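Structure first, commentary second.
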Amino acid sequence: MKSKLIMGSALSIAAIAVAIDHTKHQAPEPQPAQNQQDLIIIEGEDTGMQESGVPCGLSVPPCSL
Amino acid sequence: MSAITQKRPDINVITLTLLAILAISLLLQHEFALTQAVLFLIGTGLGITLVHALFGFTGGWRQFTRERNSVGIRAQILLLAGTSIIFFPIVGQSVPELNGFAALGQVGVSVFVGAFLFGIGMQLGGGCGSGTLYTVGWGHTDMLITLAFFIIGSTLGSVHLPWWISLPNIGEVSLIKSFGWLPALIGQLVVLAILYIIVRAIELHRHQQLTSLNPQLNRAFSDRLIFGPWPLLWGVAGLMFFNLLTMLVAGHPWSITFAFGLWGTKIWQALGGDISSWQYWSGGYPQQALNSSVLADTTSIMNFGIILGALLAAALAGKFAPDSKLKFKRIITAIIGGLLLGYGARLAFGCNIGALLAGISTGSLHGWAWLLAGFSGSILGIHIKIWMGMDKPIGGKAA
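Residue numbers (the numbering used here), protein chains in the order written: chain A, -11 to 53; chain B, 2 to 400.
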């Protein structure tokens, strides 16, 4: 029972920490689109997330694993 | 394994864990993308596999060093061989539709020192990268200490890493680029087969019989699949399957310890610490990860998944959070072991998963260097535990 309490407390603290971090780094609300043309441009942009979101494949060492 | 008696599943813990897994999956899909939710679920699959199969590198190496029992090491060799067969063609771009990055790391002083320290830490801390996560999820409270200091060690390692990687090295060596994926794969499989034959022969020589990788239990397949325990062979299959899914969804093989350095640096920042001089976090993916939500980092969400998956598996098996009394010596080894694990993993470009398994199975020479140094460190760690009186001498009855 004591172990369960410790584990429950640890997981709760971790969950709160993750929630705080996520709230802190939440992206700002997007500006309302001026018109449909703007919206198409935004959707069509390559954000580069696929490439930069991968730990391996960085141009500088280490691979960050 | 056949002596294990089945306990009753912990329904309350199972319900809470399933709700948590569902809620986090929906949150990840809502806040980010479906791929983040899928990666989290892959992590839970890995956690379930690790607990049900009791698949660990630390225990396998310890069993072989102390008792010449090769069952754990044979399972690891099969995992390395199977994963290599899957990953070499992908990394070698022989399948145009599939793209996957190799887990490359430079071969030099940094990886040898780092893996050696990690090997010592594995035995003192009581777990490797994957082992620490799944035993935490299982509810072993001493492993919370190991994990906390793993995070601290990893953060310290990331601060010192620029100096370590400036030490002599021959750079990154990809066996796939050097020899082509098929010749490299054949060569690697030959080396793994030789290793398998050697460890098998050593066990046979000592015990005149082999411990089975697939022991039979008098239970229904479905019962065993859900409630465990799994034979090690199922564990190998499960880890290969979820590692392949990780490669297909994330674009890189399964990794663990990057997240620990990230968590530590985020905590240090939140406490008001100055990280402006920490070169590692000032560019590339590390900087991007630091300036984003922790839920945006694929390694972090997979680690969360592993912990919750392990928790679920332990509750299904009725063995979540076993009560144990923490002794002073165990606390000390958990602290020192955790620090060595974290610091070593950062220097060695990953742990037993991110460098050893991912490195070798994607054709990086640093994975082999890691294996050599890590296993040497593990032998030293085992002897340190004997010297501290925490383990009986080799040759005596195992503690």
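Ideal Cβ positions, reconstructed from N, Cα and C, are used throughout, including at glycine. Just so it is clear, the structure is predicted and the values come from calculations on it, not from any experiment.
Quiz item: Are the stretch 102 to 121 of chain B and the stretch 355 to 371 of chain B touching, with three or more C-beta to C-beta distances below 8 Å?
Solution: yes
Quiz item: With a CB to CB cut of under 7 Å and the five nearest residues on each side skipped, what residues in its chain are close to SER362(B)?
Solution: LEU81, THR84, SER85, PHE88, PRO254
Quiz prompt | Residue interval of the alpha helix (DSSP H) (run including GLY106(B)) | solution = That residue, GLY106(B), is in no alpha helix (DSSP H); it is neither H nor E in DSSP.
Quiz item: What span of residues does the beta strand (DSSP E) with ILE395(B) cover, start to end?
Solution: Premise fails: ILE395(B) is in no beta strand (DSSP E) and is neither H nor E.
Quiz item: Within 10 angstroms of its Cβ, does PHE222(B) collect 16 or more other Cβ (buried), or is it exposed?
Solution: exposed
Self-check item: For SER293(B), three-class secondary structure by DSSP
Solution: coil
Self-check item: Status (buried if at least 16 other CB within 10 Å, exposed otherwise) for MET(-5)(A)
Solution: buried
Practice problem: Compute the Euclidean distance between the alpha carbons of ARG347(B) and GLY158(B), then round it to the nearest angstrom. | Solution: 5 Å
Quiz prompt | Whether PHE56(B) touches GLY236(B) by CB criterion (7 Å) | solution = yes
Quiz item: Quick one: does ILE(-6)(A) have its CB under 7 Å from some CB of chain B?
Solution: yes
Quiz item: Counting pairs of beta carbons, one from the stretch 296 to 312 of chain B and one from the stretch 130 to 148 of chain B, are three or more of them closer than 8 Å?
Solution: yes
Quiz item: Any residues in the stretch 130 to 141 of chain B with a beta carbon nearer than 7 Å to a beta carbon of chain A? Which ones, in chain order?
Solution: GLY140
Quiz prompt | Host alpha helix (DSSP H) of GLY44(B) (start-end) | solution = 35 to 54
Practice problem: Report, in whole angstroms, the separation of the C-beta atoms of GLY402(B) and PHE150(B), which I expect to be a contact under 8 Å. | Solution: The structure shown does not extend to residue 402(B), since chain B is modelled only from 2 to 400, so the question has no answer here.
Practice problem: Output the distance between the C-alpha atoms of THR133(B) and THR147(B), rounded to the nearest integer angstrom. | Solution: 7 Å
Exercise. Identify, in the order they occur along the chain, each residue of the same chain with its Cβ nearer than 6 Å to the Cβ of THR299(B), setting aside the five sequence neighbours on each side.
Key: LEU40, ALA251
Quiz item: In chain order, what residues of the same chain lie with their CB nearer than 8 Å to the CB of VAL160(B), ignoring the 5 residues before and after it?
Solution: TRP279, TYR281
Quiz item: Cα separation between VAL72(B) and GLY61(B)?
Solution: 7 Å
Quiz item: Got a sec: is the Cβ-Cβ distance from ALA315(B) to anything in chain A below 7 Å?
Solution: no
Quiz item: In whole angstroms, what is the alpha-carbon distance linking GLU98(B) and ILE91(B)?
Solution: 9 Å
Quiz item: Can you name, in chain order, every residue of its own chain whose Cβ lies under 8 Å from the Cβ of LEU249(B), other than the five neighbours on each side?
Solution: LEU99, GLY101
Quiz item: What's the gap between the Cα of GLY364(B) and the Cα of GLY181(B)?
Solution: 10 Å
Self-check item: Same chain, Cβ closer than 6 Å to THR156(B), five either side skipped, listed in chain order
Solution: GLY262, GLY265, THR266
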